[in-house]
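Step one of this worksheet: look at the structure below.
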Amino acid sequence: MKTWFFGLGALAAGLLAGPGAADAETFSLWVRSDGSTFMPKVVEAFNASQSAHKAELQIVPVNELVQKYAVAAAGGTAPDALSLDLIYTPAFAAAGQLKDITDLAKALPYFDQLSKAHVATGTYENRIYGLPFSGDASVLVWNKALFRQAGLDPDRGPTNWAEIRADAEKITALGQGNKGFYFSGNCGGCSIFTFTPLIWASGGDIFADGGKRATLDTPQLRDAIALYRGMVKDGLVPAGAQTDTGANFFAAFATGKVGIAPAGSFAIGALNTQHPNLEYGVTYLPGKDGGWSSFAGGDNLVVSRDTRKIAGIRAFLEFAYSLEGQTLLARNGSLPVRADLAKQALDGLDRRYLIAADAMARGRTPYTPVCNDLINSANGPWNTMLNAAVFGDAGAVEPAIRTAQETMQSIIDTAP
Amino acid sequence: MSGITLPSTATSAVAPAVPAPVRKSRRRRHDWTGLVYVAPALVLVVGFFLVPLCMTAWMSLHNWPLMGNPRWIGTANYKALWSDYNFWNALLFTLRYTVAATAGLMLVGLALALLVEKPRRMAGFYRTAFFMPVVIGFASASLLWAWLSNVDSGLFSALAQAFGLTEGRVNLLATFEPAFWSVTIMVIWKMAGFYMVILMSGLQAIPPDYLEAARIDGAGFLQRFRHITLPLIRRPFALALILCVSGSMLAFDHFYIILAGGPQNRTITAVYWIFNQSFVSFRLGYGAALSMVLLAILVVLSVIQLRLLRDREDAR
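Protein sequence lines correspond, in order, to chains A and B. Numbering follows the working numbering, with no gaps: position 290 of the first sequence is 290. Positions in the second sequence are counted from 1; adding 1000 to them yields the working numbering.
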């Protein structure tokens, strides 16, 4: 019933656009607003580089992308291609909205060099529906000035949990409003990005069997919660963390009053341009006794089921994967997604990017078609559990984990 | 909603007892011109209320994912809703909030109206000042409040500490009671001016002779207020009350923006839950069913209020 209405709109648009169609075949492309720095540059360069195809870019506010795409798809006016937050790729593929691009992907000579985590989330029932486009890896940042003041080695970030805790204690001891550690305590999206790597690096995971089973009830998760709990209890974390829904995720560290904070690689560019005087280092998110892991985030490029402009999209992807494309991405806030070109693309940039790029190359991404429900929702089981377990009474930890485990499993089981 | 309209329309709708042939045809022509006059409004109501309402009802009978194909499931959504513990919980919270917000808004609105009703010196200034917050959007007001309430960089916690009300800084948004009241007070601050205007128009419509006569008869302020003012502002009060209750029952933005439903999901309102089901869980059909139930509840609440506040003449 929605279809005929939007169909009329599409018809009208088609009639209007019909006679003016240029020689180059134009395909439409959407990107979430997070990509508003690099995407226009890549599209512009692509359009200038050849004349057979033309990409027409539309930037969509990040929180409206899924709804907007769904409405457009229902009306047959979906864009030809979409740069989609990679965690949503399974959900979109499961809903039958995407084109199977397995053959296109496998034909790329450098296919095995593309970010593994992106390709894994882009795969649904052994077919590929999304290919890596932009990258953002989670890392740990530390404030060198505060480290120096506290008598710590400013050039050496923490490499395990005991060191995080010890460094945070020393920095908090400086007083004057300085705190050792910060995290957004009421933001599911933030904590999947920065908290799960702590679990992964310690040998645990929150899902098993390709997202079919929730595995929260593990010693690794309990230990990671205990680390955060302990730091909160001992006042090493600013009080606002408890109710931060993500608004302060980046801003808290940028104030210069926080010693250590998990962050994303995007923070490197943002800190360099907005806070050039802040001295900071970048390191990996460590495991309990060393080792490290990272959440490989960013976008997958997906193709709408009904598009016929596949040649143009292939050309666009090939351009993005070229050295020129990867360099453009790297200079405008995204990590390169092609491992064999990463070093070259990052050449001449801040060396801290290399750590992020390394983290990305070996990063992981949880796989589930119900990510929104489980993880991203502020009221979902993941966020509810962490907030209760980290900030609640000691007695709240076990019930919180148990409830979240049950809720998650039931959401996974009843997913359509 | 007919109870809000003036009684004259209610009586004029009754057809004349003995229609003469000539008058009948003129009357019919009148009817047609009347229809032409209301046509634009009718088109808007049909296009933006009735059609979407029917679509919502239709969707509520389907398993309607945000993406993919809807499937007819009859009344299964309504059956599932019956045992949706979270929805009823959200509804209970919404009722609690509605009671708190409505009581606060009506009291503050009436107090402000009494304060600025008479053309005193500076009355215009105060009216404007009290009304100003109304024109701010709920989203911007919520963002403002979220930052004012921030424990590390905001105003409220620091102020409470400076006045010695709290020992150290307390995170207002971290526990239920302070978080709930913080948001409710924000709503009262923001919306009281609106109800002030409605009630003020009622106060100004009271003929001054009544109050004067009562004063001469020796009635005190409270007596005059209780026996003259209150009964005479019944209609604007009913309007304000219904707007306030239905507005509060549909609360969403401020709980979403300031608290994100926290602490511990205890401030999720009914509309918040509908939003979550529709756009987080992508279950549009189920969200539509919840919306229909909420609509029914609102209709019942409005009818109850209209009955309670009905004028005695109407009742006859």
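Yeah, the Cβ is synthetic: ideal placement off N, Cα and C, and Gly gets one too. Quick caveat: nothing in here was measured; it's all calculated off a predicted structure.
Amino acids of chain B, ordered along the chain, whose beta-carbon sits closer than 7 Å to that of residue i
{"i": "A:T407", "result": "Residues of chain B passing the Cβ test: none, with the nearest at roughly 11 Å."}
{"i": "A:S377", "result": "N1276 and V1280"}
{"i": "A:G96", "result": "G1068"}
{"i": "A:D373", "result": "V1280 and S1281"}
{"i": "A:F193", "result": "What A:F193 touches in chain B: nothing, since even the nearest Cβ is about 17 Å away."}
Where the beta strand (DSSP E) through residue i begins and ends
{"i": "A:N143", "result": "G130 to N143"}
{"i": "A:K54", "result": "H53 to V60"}
{"i": "A:L29", "result": "E25 to R32"}
{"i": "A:F181", "result": "K179 to F181"}
{"i": "A:P90", "result": "It is not in any beta strand (DSSP E) - A:P90 instead sits in the alpha helix (DSSP H) that spans T89 to A94."}
{"i": "B:L1199", "result": "Here B:L1199 belongs to no beta strand (DSSP E); instead the alpha helix (DSSP H) covers F1176 to Q1204."}
Minimum Cβ-Cβ distance from residue i to chain B less than 8 Å
{"i": "A:F147", "result": "no"}
{"i": "A:Q67", "result": "yes"}
{"i": "A:D112", "result": "no"}
{"i": "A:T384", "result": "yes"}
{"i": "A:T368", "result": "no"}
{"i": "A:T243", "result": "yes"}
{"i": "A:A70", "result": "yes"}
{"i": "A:A73", "result": "yes"}
{"i": "A:N186", "result": "yes"}
{"i": "A:F249", "result": "no"}
{"i": "A:F253", "result": "no"}
Exposed unless 16 or more other CB atoms sit within 10 angstroms - verdict on residue i
{"i": "A:A21", "result": "Only weak support exists for where A:A21 lies, its pLDDT of 42 falling under 50; the value from the coordinates is given anyway. Its Cβ having fewer than 16 others within 10 Å, A:A21 is exposed."}
{"i": "A:P238", "result": "buried"}
{"i": "A:G395", "result": "exposed"}
{"i": "B:R1127", "result": "buried"}
{"i": "A:G325", "result": "buried"}
{"i": "B:Y1272", "result": "buried"}
{"i": "A:R308", "result": "exposed"}
{"i": "A:G212", "result": "Strictly speaking, residue 212 of chain A in this sequence is Lys, with Gly absent from that position. By the neighbour-count rule (16 or more Cβ atoms within 10 Å), A:K212 is not buried but exposed."}
{"i": "A:P61", "result": "exposed"}
{"i": "B:H1030", "result": "exposed"}
{"i": "A:F249", "result": "buried"}
{"i": "B:F1093", "result": "buried"}
{"i": "B:N1069", "result": "exposed"}
Proximal chain A residues relative to residue i, where beta-carbon distance stays under 7 Å
{"i": "B:V1323", "result": "The structure shown does not extend to residue 1323 of chain B, since chain B is modelled only from 1001 to 1316, so the question has no answer here."}
Below-8 Å beta-carbon distance, residue i vs any chain A residue
{"i": "B:G1261", "result": "yes"}
{"i": "B:Q1264", "result": "yes"}
{"i": "B:I1268", "result": "yes"}
{"i": "B:N1171", "result": "yes"}
{"i": "B:G1287", "result": "no"}
{"i": "B:A1090", "result": "no"}
{"i": "B:A1174", "result": "yes"}
Listed by chain order, chain B residues near residue i by CB distance under 8 Å
{"i": "A:N387", "result": "G1262, P1263 and Q1264"}
Residues near residue i by beta carbon distance below 7 Å, same chain, minus five either side
{"i": "A:K288", "result": "N160, W161, S202 and D223"}
{"i": "A:I268", "result": "V282, D350, R352, Y353 and A356"}
{"i": "A:A94", "result": "Y124 and P369"}
{"i": "B:V1108", "result": "I1188 and A1192"}
{"i": "A:A17", "result": "Below a pLDDT of 50, predicted positions are generally treated as unreliable, and A:A17, at 43, falls in that range; no measurement from the model is reported."}
{"i": "B:P1178", "result": "L1172"}
{"i": "A:N379", "result": "none"}
{"i": "A:T89", "result": "T121, G122, Y129, G130, N300 and V302"}
8 Å CB neighbourhood of residue i in its chain, flanking five on each side removed
{"i": "A:T102", "result": "R127 and I128"}
{"i": "B:L1301", "result": "V1245, S1246 and M1249"}
Residues that residue i contacts on chain A, provided the C-beta gap is smaller than 8 Å
{"i": "B:A1141", "result": "Simply none; closest approach about 16 Å."}
Sequence-distant residues of its chain with Cβ nearer than 6 Å to residue i (five each side left out)
{"i": "A:Y421", "result": "With chain A covering only 1 through 416, there is no way to say anything about residue 421 of chain A."}
{"i": "A:N383", "result": "G188"}
Cβ-heavy atom distance, residue i to the ligand FMN, below 7 Å
{"i": "A:P219", "result": "Of ligands this structure carries none, so the ligand FMN is not represented either."}
Partner residues on chain A for residue i, Cβ-Cβ distance less than 9 Å
{"i": "B:A1123", "result": "Result: empty, since nearest Cβ-Cβ is about 40 Å, beyond 9 Å."}
9 Å Cβ cut-off: residues of chain B touching residue i
{"i": "A:F183", "result": "None at all; the shortest Cβ gap to chain B is about 13 Å."}
{"i": "A:F92", "result": "M1067"}
Opening and closing residue of the alpha helix (DSSP H) in which residue i lies
{"i": "A:D373", "result": "Run containing A:D373: none; DSSP gives neither H nor E here."}
{"i": "B:Y1286", "result": "L1284 to L1308"}
{"i": "B:V1116", "result": "Y1085 to V1116"}
{"i": "B:G1247", "result": "R1234 to M1249"}
{"i": "B:Y1078", "result": "A1076 to W1082"}
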